[in-house]
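Here the sequence shown is numbered in the numbering used here, starting from 881 and rising by one per residue.
Just so you know, even glycine gets a beta-carbon here, dropped at the ideal spot from N, CA and C.
Note that this is a predicted model, so its numbers are computed, not measured.
These notes concern the structure reproduced below.
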Amino acid sequence: MEVMTQVPHLGWPYSFWGISWSPNGKRLAFSLSRPGWLEHLYLLDVETKEIEVLTELNKDFYPVWAPGGDRILFLRWNREFDTFCTIDIETKEIVALFDVDKATGYWGDWSPEGDYIAYSRWGSVYLYDFATDETQEIVEVDGSIFVISWLRDIRILPVEAQQKLVTTWSAIKREAAQQ
């Protein structure tokens, strides 16, 4: 893919749809609106200021680095549904993980070890298990959850509902105790 030191403007307003630091703090992954109502994924090398295009000709947004720094989770827009995908940073191989309906909160996050992904669908939080390729609902709240972030140093997943704050202690602690 192309490497540059600035993203061409092309007469299109810039809209960022997610920014995520790499685990080593040396790169930023971000999604940026482009002409044609597309969102591309980019990588910025913080030291060299070089920008690499990761994806093109799709609506790819809300990138989140894997804890190991080798992959990025993102959401790919499709007309009827969206798809959570990963992209390998070295090979640029994209793997479609699973489809979600349009009612899904757009942001997902990796567990600290990278073996799960948490995401929301309206007022429910779901956990996708890479080992089993299965998804389970782990908590439901009164309201909507739009952003999820897993704490990196402990096995807690705080979520903020639009109407109230909920922290999913028990389900995740039970899961951690079984491992």
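Query, Result
"Can you give the beta carbon distance from GLU1017 to TYR1006, rounded, assuming they're within the 8 Å contact cut?", "6 Å"
"Report all residues from its chain with a CB closer than 7 Å to the CB of ILE899; omit the five preceding and five following residues, and keep chain order.", "LEU908 and PHE910"
"Quick check on DSSP: helix, strand or coil for LYS972?", "coil"
"Figure out for me which residue from VAL980, ASP995 and TYR922 has the closest Cα to the Cα of ILE931.", "TYR922"
"Tell me whether GLU970 is buried or exposed, calling it buried when 16 or more other Cβ atoms sit within 10 Å of its Cβ.", "exposed"
"Can you tell me which residues form a DSSP beta bridge with ARG907?", "ASP925"
"Looking at ASP968 and ARG951, is the spacing between their C-beta atoms short of 7 Å?", "yes"
"According to DSSP, TYR942 sits in a beta bridge with which residue or residues?", "According to DSSP, which records beta bridges pairwise, TYR942 is partnered with nothing at all."
"In angstroms, rounded to a whole number, what distance separates the CA positions of ASP925 and LYS906?", "6 Å"
"Do you know offhand how far MET881's Cα is from GLY948's?", "Confidence in MET881 is poor, its pLDDT being 48 and thus under 50, which makes the residue's placement too unreliable to answer from."
"What residues in its chain sit with their C-beta under 6 Å from that of GLU1020, if we drop five residues either side in the sequence?", "GLY1003 and SER1004"
"Out of GLN1059, LEU934, LYS929 and HIS920, which has the shortest C-alpha to C-alpha gap to LYS972?", "LEU934"
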